[in-house]
Amino acid sequence: MKVLIVDDDALIRESLSILLDLEDEIEIIGTCANGQEAFDFCKNNRPDIVLMDIRMPIMDGVLGTKVIKESFKDIKVVILTTFKDDEYIKEALKNGAEGYILKNQSSDSIIDSLKAVVNGNMVFEQNVAKTISNFIKEDKSNNGLEQYNLTEREMEVLRNIGDGLSNKEIASKLYLSEGTVRNYITSLLEKLELRDRTQLAIFYLKNS
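Below is the structure:
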């Protein structure tokens, strides 16, 4: 997988590059100091994953995630930061981040998280997951899913996305091809006016 590292601390960029580049499946294709540089980089280079810090000058990681996800839907963004601030977590998720992990994790743990995300899963550090759960409970809709006129199969796909399954896992569970699962996801995104599978997962958890 091709990874772009984004952090305003040059030492962290260099250290992460060295550690992650030791993994055979990972290729570090660039490093940037802020969200704007990352967005500009993605215009001419297509990383599979952007590993993004939060607090950076010029453009922070929350806005950086937003502009990257709006323009390059196939690029995955994982927040890697020291900050567990609830607002940062909420905004990063709303903007489409597929993961939110902390810098105090081991390099092996970070590598495992990147592999999980590139395979279609979402990853969150344990304390962050608790914040997400509370956020969803606070914001939960009373309307349920009935109002959206989804087919039974669309509901099954949405439910499995909410459970964190990848396209491959959903296809196997529902006896469908991965292409068919992708078609259902496209239909769900259009019907629900959402941008990506992260938003689908959050939508399901809020409304189920």
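Read left to right, the sequence shown gives residues 1 to 208 (UniProt numbering).
Virtual Cβ for every residue (Gly too), placed ideally from N, Cα, C.
In the same chain as N160, and ignoring 5 residues on each side of it, the C-beta atoms closer than 6 Å to its own belong to I170, in chain order.
The segment 66-73 makes no contact with the segment 100-107; the number of CB pairs closer than 8 Å stays below 3. K76: member of the beta strand (DSSP E) spanning 76-81, first to last residue. Around the beta-carbon of Y88, 16 or more other beta-carbon atoms lie within 10 Å, marking it buried.
Here Y175 is exposed, its C-beta having fewer than 16 other C-beta atoms within 10 Å.
Taking C-beta atoms under 8 Å as the contact rule, L4 and A38 qualify, at a distance of about 6 Å. In terms of CA proximity to I12, D53 leads the group D53, V78, D48, M1. Contact annotation: G35 and G61 have beta-carbon atoms nearer than 7 Å. By the criterion of a C-beta distance shorter than 8 Å, F124 is surrounded in its chain by G99, Y100, I101, I132, once the five residues flanking it on both sides are discounted.
Taking all protein chains shown into account, K43 has fewer than 16 neighbouring C-beta atoms within 10 Å of its C-beta and is therefore exposed. Closest in alpha carbon position to E27, among A10, A33, L194, L51, is L51. Short of 6 Å from the beta carbon of L19, and not among the five residues preceding or following it, lie these beta carbons of its own chain, in chain order: S107. Here E125 carries a coil assignment [DSSP, helix/strand/coil]. A check of alpha carbon separations from N183 across K173, N167, S172 identifies N167 as the nearest.
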